[in-house]
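Undergrad: For what it's worth, UniProt numbering labels the leading residue of the sequence shown as 1, then goes sequentially. Glycine residues also receive a C-beta, built at the ideal position from the N, C-alpha and C atoms.
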Amino acid sequence: MNGNGPHGGEPEPDTLDVWDQRVARGLAFLRRRLTGNYEVDEFGFDSELNDAVFQPLLRVLHRDWFRTEVFGIENVPAKGGALVVANHSGTFALDALMLGVAIRDQHPEERHLRLLGADLVFRMPVVSELARKSGATVACNPDAERLMSSGELVGVFPEGFKGIGKPFADRYKLQRFGRGGFVSAALRTGTPIVPVAIVGAEEIYPILADIKPLARLLGVPYFPITPTFPWLGPLGLVPLPSKWLIQFCPPIPTEHLTDLADDPMVVYNLADQVRETIQATLLELLERRPDAFGL
Numbered sequence: 001m002n003g004n005g006p007h008g009g010e011p012e013p014d015t016l017d018v019w020d021q022r023v024a025r026g027l028a029f030l031r032r033r034l035t036g037n038y039e040v041d042e043f044g045f046d047s048e049l050n051d052a053v054f055q056p057l058l059r060v061l062h063r064d065w066f067r068t069e070v071f072g073i074e075n076v077p078a079k080g081g082a083l084v085v086a087n088h089s090g091t092f093a094l095d096a097l098m099l100g101v102a103i104r105d106q107h108p109e110e111r112h113l114r115l116l117g118a119d120l121v122f123r124m125p126v127v128s129e130l131a132r133k134s135g136a137t138v139a140c141n142p143d144a145e146r147l148m149s150s151g152e153l154v155g156v157f158p159e160g161f162k163g164i165g166k167p168f169a170d171r172y173k174l175q176r177f178g179r180g181g182f183v184s185a186a187l188r189t190g191t192p193i194v195p196v197a198i199v200g201a202e203e204i205y206p207i208l209a210d211i212k213p214l215a216r217l218l219g220v221p222y223f224p225i226t227p228t229f230p231w232l233g234p235l236g237l238v239p240l241p242s243k244w245l246i247q248f249c250p251p252i253p254t255e256h257l258t259d260l261a262d263d264p265m266v267v268y269n270l271a272d273q274v275r276e277t278i279q280a281t282l283l284e285l286l287e288r289r290p291d292a293f294g295l
């Protein structure tokens with residue numbers, strides 16, 4: 001006898017109710033999108049689209065492909081602004097997206113992370129629109145300060161393209177943090193800085209070489225050669241299933257330093273403290289994860 005119920009009959013009423021609710025929610029979502037009955041903030045962030053479409057797709061990578069483990073989520077403030085500062089790697093900025101999923105899924109308050117992105121991201125058709133809708137904005141102090149002043153979590157990756165484009169031989173070695181502009185933004189708003197160490201992204205697209213002439217021709221920071229790209233064509237864009245660990249470190253308070261936001265020595269020392277914290281934590285996580293592709 002065929003059927004989906006416990007005795008080969010019709011599906012249970014509870015099962016039907018669940019699917020009815022899912023269909024109803026889906027139709028209501030489509031109706032709001034088609035009629036424009038949804039809200040975006042001044043930066044273009046569409047929280048409904050983010051939770052209904054972007055997060056579920058990224059969650060598959062985060063949970064099933066990278067098998068991500070998250071530690072120290074209690075160090076992320078429950079409310080109010082904060083600056084989340086992480087190492088950057090992986091050829092493509094998947095680490096930024098996975099960090100956002102970690103906070104949204106693991107934090108008790110299910111907070112959104114507002115990422116700061118490079119100018120290049122917002123010059124690319126389609127990518128720019130998707131980035132805005134997912135909550136990202138240009139990596140500049142005025143935008144960062146406005147977001148933090150309004151109580152948002154802001155994510156920044158001070159290594160920039162130097163981090164995600166570095167060769168595999170330099171994996172987990174932090175690059176320069178620039179001039180510490182992210183520290184100035186935190187000081188001016190008196191928001192805490194939360195250092196974050198991410199292990200796993202270095203192995204998803206190991207860069208063996210960088211064809212600089214081709215990168216200049218295409219107007220991109222680097223043109224990576226990996227074990228799978230460009231040899232396997234589109235399949236070479238599938239990230240390798242490395243094991244990820246994300247550690248949130250104790251927050252560094254800044255409210256007592258707001259008057260020193262323009263002091264270069266204070267900014268440099270605080271940026272260096274954040275960098276050293278992340279580097280030390282990376283080494284600890286690597287010892288905890290002896291096999292890059294283990295369970």
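So, helix, strand or coil for G294, using DSSP?
TA: Against the sequence shown, residue 294 aligns to sequence position 294. DSSP places G294 in coil when its eight states are reduced to three.
Undergrad: Taking the CB atoms as reference points, tell me whether V84 and G155 lie closer together than 7 angstroms.
TA: To locate residue 84, count along the sequence shown from 1; it is residue 84. To locate residue 155, count along the sequence shown from 1; it is residue 155. It is a contact, given that the beta carbons lie within the stated cut-off.
Undergrad: Does the segment 100-116 come close enough to the segment 214-233 that 3 or more CB-CB pairs lie under 8 angstroms?
TA: No, the segment 214-233 does not touch the segment 100-116.
Undergrad: Which same chain residues end up closer than 8 angstroms to L295 when comparing Cβ atoms and leaving out the 5 residues on each side of it in sequence?
TA: Position 295 of the sequence shown, counting from 1, holds the residue named residue 295. If we look at L295 and ignore the five residues flanking it on each side, its Cβ neighbours are R67 and K243.
Undergrad: Are the beta-carbon atoms belonging to residue 296 and V199 less than 7 angstroms from one another?
TA: Lying before the first or after the last residue shown, residue 296 is absent from the chain, which here runs from 1 to 295.
Undergrad: Are the segment 161-170 and the segment 124-138 in contact at 8 angstroms, needing three or more beta carbon pairs?
TA: no
Undergrad: Pull up the CB-CB distance for N75 and P250, whole angstroms please, since I reckon it's below 8 angstroms.
TA: Position 75 of the sequence shown, counting from 1, holds the residue named residue 75. Position 250 of the sequence shown, counting from 1, holds the residue named residue 250. At roughly 5 angstroms, the Cβ-Cβ gap stays under 8 angstroms, so N75 and P250 are in contact.
Undergrad: Comparing C-alpha positions only, which one of L174, P290 and G233 sits nearest to T277?
TA: Along the sequence shown, read from residue 1 onward, the residue named residue 277 stands at position 277. Comparing Cα-Cα distances from T277 to each of L174, P290 and G233, the minimum goes to L174.
Undergrad: Considering only residues of the segment 24-73, which uninterrupted beta strand (DSSP E) runs meet the minimum length of 3 residues and lie entirely inside it, listed in chain order?
TA: List check, beta strand (DSSP E) in window: 69-71.
Undergrad: What is the DSSP secondary structure of D263, counted as helix, strand or coil?
TA: In the sequence shown, the residue the question calls residue 263 occupies position 263. In the three-state scheme derived from DSSP, where H, G and I count as helix and E and B as strand, D263 is classed as coil.
Undergrad: How far does the alpha helix (DSSP H) with F182 in it reach, from first residue to last?
TA: Here residue 182 corresponds to residue number 182 of the sequence shown, with the count starting at 1. Where F182 is concerned, the enclosing alpha helix (DSSP H) stretches over G181 to T189.
Undergrad: Can you check whether the CB of E69 is closer than 7 angstroms to the CB of L245?
TA: Residue 245 sits at position 245 when you count from the first residue of the sequence shown. Residue 69 sits at position 69 when you count from the first residue of the sequence shown. Yes, the pair counts as a contact, with Cβ atoms nearer than the cut-off.
Undergrad: With DSSP as the reference, label Q175 as helix, strand or coil.
TA: On the sequence shown, residue 175 is found 175 positions in, with the first residue counted as 1. DSSP places Q175 in coil when its eight states are reduced to three.
Undergrad: Please state whether DSSP places P224 in a helix, a strand or coil.
TA: In the sequence shown, counting from the first residue as 1, residue 224 sits at position 224. Three-state DSSP puts P224 in a strand.
Undergrad: Under 8 angstroms, with one C-beta from each stretch per pair, do the segment 81-96 and the segment 35-44 reach the 3-pair mark?
TA: no
Undergrad: In the structure shown, what three-state DSSP assignment does G155 receive?
TA: Locating residue 155 in the sequence shown gives position 155, where the first residue counts as 1. Residue state, collapsed to three classes: strand.
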